[in-house]
Structure formats: C-alpha cells, structure tokens
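For my numbering, add 158 to where a residue sits in the sequence shown, where the first one is 1. By construction, the Cβ of each residue, glycine as well, lies at the ideal position given by its N, Cα and C atoms. Because the structure is a prediction, the values reported are computed rather than measured.
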Amino acid sequence: MDAVEFPLSARVRAARRRLVTASVAGAVVVAATVTSVVADAVGWVPVSRAVQAGLVLVTLFVLPVAWVGAHAVWALRGRAELFLAAGEHPRRRPTDRQLTDHLRDEHPLTPLWWMVSVLGGLGTLCLGVALPFAVADGAVLAGVLLGAGLAASLIALAVSVPGIRRSDRRGSRDRRRRTELWSLPGAVEHRLSIPLLGTGDGGHPGA
C-alpha cells in the first residue's frame, strides 16, 4: 500500500499554527521563569516572590495543560479528516508523518486527561498539606485561596478518571478502524504505539 500525502483542511492547519504558538509562548515563559529565579538568586536583579511564584505556577500547571490541549485539538481534527479521506484514496494510506501526527494508538485526549489527573493529584497533595497551616496561622485569605485550589484539584481528579477511560475506549475503536483501512509496516505500527508523553515502550507513564 503506497503512502501519499492526504490533503487536510484549513481548520487542521490553523490548529497546527495554534500549537506552534503555544510551544513558542511556553518556551518564552519557561525562559522568563528560569531567568527570574537565577537573577534573584545571584543578586543580579531583585525579583519579587509574588512574580516568581506566579511564573512557577504558570510553568508547572498552566503550560503543560495548554500545550497538550492544543495538541489534542490538532490531532483530533486531523484524525477525523484522514478517516473521511480514506474512501477518496483507495489502495493508498497517509504518510508516516501524518499517521504519527494524528493516528497514534493513543487517543489524542488521553494525554490531556492524564495531565489533568497528575496535576490534580499534585495540587491535592500540596494544597492539602498547606491548608491546615494557613488555618492555624489565622490567614483567612490564604486559607480561602488554598481551599478553593484544593476543591479545584479534587474536581480535576474526579473528572479525569472517567475521561481517561472514555478516551481509551475511543482509542481502541480508532485503532480497529485504522487497521481495517490501511495495512501498515511493522516499524510504523511500533511508532504509532508510542504515547505522546510516553517512554517508548507503548505504555503510558501515568499507568
């Protein structure tokens, strides 16, 4: 079965541009975070603790979800269009790059749900430890903020678990559909089995 470049719509290309923008913005924020911490530590430029804390929180919690979410939108749109275009290209399959970008064994929403789950777990652990100390010190505002963050983390955990299960079921259905449509070389099949955030053995790190 010959590999050809399946045409993708402007919606997919726009999603790709947003993913690139998210990547660039993330790199800028990470560089700013590292620079602020190092500059304050060595005494080059004084940076307030509030600014440093905000940058660190954005880097650790917001950027990963934003990037994985942008990637999920791009991969989902391309996946749907590749499946629809299969009938227009008999005895042809998408290129290896298109398959890796959009048709991994893992459903595009799976890494997003895992990211939400991991960050929700970390937030629950950290905020759950900090909240009693804030209450004991009589810091009302800090206690309210920590309590709100703890509630949000628990909600994220509660939502992510069924989300992971649903995306796994959808990924299994899409794998069967891909197998029915296209016969792929073993090397390509192996690349498609590697999760987006995985270690290379086909198993998701969250497991």
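### Message
By DSSP's criteria, V162 is part of a beta bridge. Which residues make up the other side?
### Response
Locating residue 162 in the sequence shown gives position 4, counting from the first residue. V162 is bridged to P252.
### Task
Report all residues from its chain with a CB closer than 6 Å to the CB of V346; omit the five preceding and five following residues, and keep chain order.
Locating residue 346 in the sequence shown gives position 188, counting from the first residue. Once the five neighbours on either side are set aside, the close Cβ partners of V346 are D254.
### Task
Output the boundary residues of the alpha helix (DSSP H) element that contains R349.
The residue labelled residue 349 in the question sits at position 191 within the sequence shown. Element bounds for R349: G344 to L350.
### Task
Determine the DSSP secondary structure at H265, reduced to helix, strand or coil.
Position 107 of the sequence shown holds residue 265. Coil, per DSSP.
### Query
If you pair each beta-carbon of the region 214–225 with each one of the region 270–277, do three or more pairs fall below 8 Å?
yes
#### Entry: Three CB pairs or more closer than 8 Å across the region 231–243 and the region 296–310
no
### Query
The alpha helix (DSSP H) spanning G307 covers which residue range?
Start at 1 with the first residue of the sequence shown, and residue 307 comes out as number 149. Per DSSP, G307 belongs to the alpha helix (DSSP H) from V298 to L339.
### Task
Can you give me the start and stop residues for the alpha helix (DSSP H) that R246 sits inside?
Taking the first residue of the sequence shown as 1, we reach residue 246 at position 88. Note that residue 246 is Glu in the sequence shown here, rather than Arg. Note, E246: premise wrong, no alpha helix (DSSP H); not H, not E.
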